[in-house]
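This report concerns only the one structure given below.
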Amino acid sequence: ATPTALLVGTGRGAQLGVLIKGPEVLETTRTVDTVVLDKTGTITTGQMTLLDVITQSGTTRDEALLVAGALENGSEHPIARAIADAAQRVAPLVDVTDFTNFAGLGVRATITDRDTVAYIGRPEFLTEHGLALPADLRDAIVEAQNHGRTAVLVGWGSTARAVLVVGDTIKPESADAIATMHSLGLRTVMLTGDNQTAAQIIGDTVGIDEVIAGVLPADKVATITRLQGEGHTVAMIGDGVNDAAALAQADLGIAMGSGTDVAIHASDLTLMRSDLRAAVDAIRLSRATLRTIK
Ligand code: ADP
Ligand code: MG
407 ATPTALLVGT GRGAQLGVLI KGPEVLETTR TVDTVVLDKT GTITTGQMTL LDVITQSGTT
467 RDEALLVAGA LENGSEHPIA RAIADAAQRV APLVDVTDFT NFAGLGVRAT ITDRDTVAYI
527 GRPEFLTEHG LALPADLRDA IVEAQNHGRT AVLVGWGSTA RAVLVVGDTI KPESADAIAT
587 MHSLGLRTVM LTGDNQTAAQ IIGDTVGIDE VIAGVLPADK VATITRLQGE GHTVAMIGDG
647 VNDAAALAQA DLGIAMGSGT DVAIHASDLT LMRSDLRAAV DAIRLSRATL RTIK
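Going by the UniProt record's numbering, the sequence shown wraps up at 700, each residue one higher than the last.
Written out as structure tokens, the structure reads:
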């Protein structure tokens with residue numbers, strides 16, 4: 407490939423709102439056959455809101471929110487931001503000590519003035535730490551997930567105390583972008599730490615070929631490696647800190663412009679519009695550029 411033609415492609419990319427790290431990137435793009443997409447912040451807006459709080463008898467909504475907000479105050483996770491914001495509207499956030507973040511699982515800390523250890527996160531995160539899951543709360547989790555929402559548990563002492571239902575919105579252009587990927591002969595895979603039921607509902611809504619859910623941050627990169635081992639040339643599109651290793655491992659890493667700096671640094675392309683259709687434009691552009699060169 408002549409460097410001049412590739413540079414022309416790079417300039418055209420800038421016009422389309424795609425920042426390309428180097429001209430050689432377009433060569434990889436041409437051979438991509440599988441596109442792996444993160445869910446939160448990539449297919450969806452990533453602007454989480456707290457939709458509902460379901461408490462176990464003996465716990466009030468305000469008490470559950472107070473503990474949840476205190477725990478999440480130290481976390482950067484989009485779910486944590488939504489919960490801390492909602493809690494702050496009820497009462498000032500209280501102090502915690504011994505804050506520990508478990509990436510892709512949740513948070514544990516001691517609520518200082520209660521001298522009690524509390525947990526918030528995936529349901530399995532609490533049960534694996536020995537907290538009981540009352541039947542009412544289990545039902546509430548299933549109900550939320552069946553609506554494509556994320557159910558987070560908060561608990562302290564010996565038991566889970568409340569389910570916090572959070573959700574965000576699918577970007578209006580995601581389904582269209584995924585349909586265009588299919589028309590270009592690309593296979594689409596959604597990769598998320600969220601639970602299988604909620605993830606599948608969102609995947610079905612936007613027409614994704616395959617949903618891989620419940621994946622821990624460290625295992626996202628292993629999924630990319632596995633697909634490459636099966637002979638695929640893989641593009642990965644993501645925005646989060648959790649996506650950075652997978653973006654770097656992919657043959658083509660594509661970051662959302664709205665994403666974290668780590669994700670952008672790990673990627674070959676950055677979408678300035680944070681619109682998945684720009685990723686499609688980049689793939690089309692690389693094919694057109696390479697055709698010109700030949
Ligand atoms: P994603 O792939 O959607 O970015 P993550 O790997 O960040 O998801 O998180 C996976 C799941 O772990 C979330 O859906 C949530 O249930 C739980 N989780 C992670 N961090 C937190 C947190 N700070 N508070 C509550 N839940 C969390
Ligand atoms: Mg994300």
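Ideal Cβ positions, reconstructed from N, Cα and C, are used throughout, including at glycine.
With respect to the beta strand (DSSP E) encompassing residue 642, which residues constitute its N-terminal and C-terminal limits? As a working mapping, residue 642 is identified with position 236 in the sequence shown. Element bounds for residue 642: 640-644.
Own chain, CB closer than 6 Å to residue 565, minus 5 neighbours either side, in chain order: Taking the sequence shown and counting its residues from 1, the one referred to as residue 565 is at position 159. These residues qualify, in order along the chain: 537 and 538.
Inter-stretch contact at 8 Å, needing at least 3 Cβ pairs: the stretch 628-644 / the stretch 599-610: no
Can you give, in chain order, each stretch of the alpha helix (DSSP H) that sits fully within the stretch 575-640 and has at least 4 residues? 580-589, 602-612 and 623-635
Please give the ranges of any beta strand (DSSP E) in the stretch 505-588, keeping only runs that are unbroken, at least 3 residues long and fully inside the region. Counting only runs of 3 or more, we get 512-517, 522-527, 556-562 and 565-573.
Top-ranked residue by Cα proximity to residue 520, from 509, 477, 511 and 481: Start at 1 with the first residue of the sequence shown, and residue 520 comes out as number 114. Of the listed residues, the one whose Cα sits closest to residue 520 is 477.
Check whether the Cβ of residue 623 lies closer than 7 Å to any heavy atom of the ligand ADP, and answer yes or no. Taking the first residue of the sequence shown as 1, we reach residue 623 at position 217. Yes, since a heavy atom of the ligand ADP falls inside the 7 Å radius drawn around the Cβ of residue 623.
Going by DSSP, what residues sit across from residue 661 in a beta bridge? The residue given as residue 661 occupies position 255 in the sequence shown. Under DSSP, residue 661 shares a beta bridge with 644 and 676.
What does the Cβ neighbour count give for residue 541, buried or exposed, with the cut at 16 atoms within 10 Å? Start at 1 with the first residue of the sequence shown, and residue 541 comes out as number 135. Under this definition residue 541 is an exposed residue.
Could you please give the first and the last residue of the uninterrupted alpha helix (DSSP H) stretch that includes residue 438? Indexing the sequence shown from 1 puts residue 438 at position 32. That residue, residue 438, is in no alpha helix (DSSP H); it is neither H nor E in DSSP.
In the DSSP assignment, find the unbroken alpha helix (DSSP H) run with residue 653 in it and report its ends. What you label residue 653 is simply residue 247 of the sequence shown in a count that begins at 1. Its alpha helix (DSSP H) spans residues 650-655.
Who does residue 668 pair with in a DSSP beta bridge? Working through the sequence shown from its first residue, we reach residue 668 at position 262. Note: residue 668 sits in no beta bridge, so no partner.
Cα separation between residue 633 and residue 683? Here residue 633 corresponds to residue number 227 of the sequence shown, with the count starting at 1. Here residue 683 corresponds to residue number 277 of the sequence shown, with the count starting at 1. Looking at the two C-alpha atoms, the distance is approximately 23 Å.
Count the other C-beta atoms from every protein chain shown that fall within 10 angstroms of the C-beta of residue 661, then say buried if there are 16 or more, exposed otherwise. Stepping through the sequence shown from its first residue, residue 661 is reached at position 255. Answer is buried; the Cβ neighbour count reaches 16.
Could you tell me if residue 552 is buried or exposed, where buried requires 16 or more neighbouring beta carbons within 10 angstroms of its beta carbon? Position 146 of the sequence shown holds residue 552. Flag for residue 552 reads exposed.
Of the listed residues 637, 486 and 688, nearest to residue 558 (C-alpha basis): Working through the sequence shown from its first residue, we reach residue 558 at position 152. In this structure, 486 is the residue among 637, 486 and 688 with its C-alpha nearest to the C-alpha of residue 558.
I'd like to know whether the C-beta atoms of residue 522 and residue 514 end up nearer to each other than 8 Å. The sequence position of residue 522 within the sequence shown is 116, counting from 1. The sequence position of residue 514 within the sequence shown is 108, counting from 1. In this structure, residue 514 does not lie closer than 8 Å to residue 522 by Cβ.
Residue 700, DSSP secondary structure in three states: By 1-based counting over the sequence shown, the position of residue 700 is 294. With a pLDDT of 47 at residue 700, under the threshold of 50, the modelled position of this residue cannot be trusted; read the value that follows with caution. Residue 700: coil per DSSP, three-state reduction.
Cβ neighbour criterion (16 or more within 10 Å) applied to residue 511: Here residue 511 is taken as the residue at index 105 of the sequence shown, counted from 1. Residue 511 comes out buried.
Beta-ladder partner(s) of residue 501, from DSSP: The sequence position of residue 501 within the sequence shown is 95, counting from 1. DSSP lists no partner for residue 501.
When every heavy atom of the ligand MG is checked, does at least one fall within less than 7 Å of the C-beta of residue 582? Here residue 582 refers to the residue found at position 176 when the sequence shown is read from its first residue. It does not: the Cβ of residue 582 is nowhere closer than 7 Å to a heavy atom of the ligand MG.
For the stretch 564-578 against the stretch 587-601, do three or more pairs of beta-carbon atoms, one drawn from each stretch, fall closer than 8 Å, so that the two count as touching? The stretch 564-578, when compared against the stretch 587-601, does not touch it at the 8 Å Cβ threshold.
Taking all protein chains shown into account, decide if residue 635 is buried (16 or more other Cβ within 10 angstroms of its Cβ) or exposed. Your numbering for residue 635 matches position 229 in the sequence shown. Result: exposed.
Within the continuous alpha helix (DSSP H) that includes residue 468, where are the two ends? Reading the sequence shown from its first residue, position 62 is the one you call residue 468. That run of the alpha helix (DSSP H) goes 467-478.
Could you spell out where the beta strand (DSSP E) holding residue 458 opens and where it closes? Position 52 of the sequence shown, counted from the start, is the residue given in the question as residue 458. Looking at the DSSP string, the run of the beta strand (DSSP E) that includes residue 458 is 455-461.
Closer than 5 Å: residues whose CB approaches a heavy atom of the ligand MG: 444, 446, 447, 645 and 646
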